[in-house]
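Colleague: My structure is below; once you've seen it, I'll send some questions.
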């Protein structure tokens, strides 16, 4: 179950990504490419998964709190869910483009 703090972190990360890309401000010649943006997003999801795994191993060794593990797993769940949602939107946009007449 997502907590308000997890949701707030997800919204803050989204705002940071949108701020860095200049979304809605027109195209900038020195802006970040879509491919690098996507690579960074996937990298952050992978990093979140690694942190979750590290917390789980630490708990198994008796060095971490259960709450820390639950928080790390929830953060990873939100990150993966967001990535899947973005993937679905990209696929839908691609399908819409393919349906356009030439």
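In my numbering, the protein residues as written are 1027 to 1128. Here a beta-carbon is modelled for each residue, glycine too, at the ideal position from N, C-alpha and C.
1) Please determine, among 1117, 1113, 1108, 1079, the residue with the shortest C-alpha to C-alpha distance to residue 1097.
2) Give the secondary structure of residue 1081 by DSSP, where H, G and I count as helix, E and B as strand, and everything else as coil.
3) Pull up the distance between the alpha-carbon of residue 1073 and that of residue 1064, whole angstroms please.
4) Here's the rule: buried if 16 or more other CB atoms are within 10 angstroms of the residue's CB, otherwise exposed. What is residue 1101?
5) Once the 5 residues before and after residue 1071 are set aside, which same chain residues still bring their CB inside 7 Å of it?
6) In whole angstroms, what separates the C-alpha of residue 1087 from that of residue 1126?
7) For residue 1090, does the three-state DSSP call read helix, strand or coil?
8) Suppose you measure from the CA of residue 1121 to the CA of residue 1062; what does that come to, to the nearest Å?
Modeller: On the basis of the data shown:
1) Position 71 of the chain shown holds residue 1097. Ranked by Cα distance from residue 1097, the first of 1117, 1113, 1108, 1079 is 1079.
2) As a position in the chain shown, residue 1081 is number 55, starting the count at 1. In the structure shown, residue 1081 falls within a helical segment according to DSSP collapsed to helix, strand and coil.
3) By one-based count along the chain shown, residue 1073 stands at place 47. By one-based count along the chain shown, residue 1064 stands at place 38. Across the structure, residue 1073 and residue 1064 are spaced so that their CA atoms are roughly 14 Å apart.
4) Reading the chain shown from its first residue, position 75 is the one you call residue 1101. With 16 or more other CB atoms across the displayed protein chains lying within 10 angstroms of its CB, residue 1101 is buried.
5) If you number the chain shown from 1, residue 1071 lands on position 45. For residue 1071, where only same-chain residues beyond five positions count, the Cβ hits under 7 Å are 1105, 1106, 1109.
6) Translated into the one-based positions of the chain shown, residue 1087 becomes position 61. Translated into the one-based positions of the chain shown, residue 1126 becomes position 100. Here the alpha carbons of residue 1126 and residue 1087 stand approximately 56 Å from one another.
7) As a first step, residue 1090 is located in the chain shown; it is residue number 64 there, counting from the start. In the structure shown, residue 1090 adopts coil according to DSSP, grouped into three states.
8) Here residue 1121 is taken as the residue at index 95 of the chain shown, counted from 1. Here residue 1062 is taken as the residue at index 36 of the chain shown, counted from 1. Those two C-alpha atoms are separated by around 22 Å.
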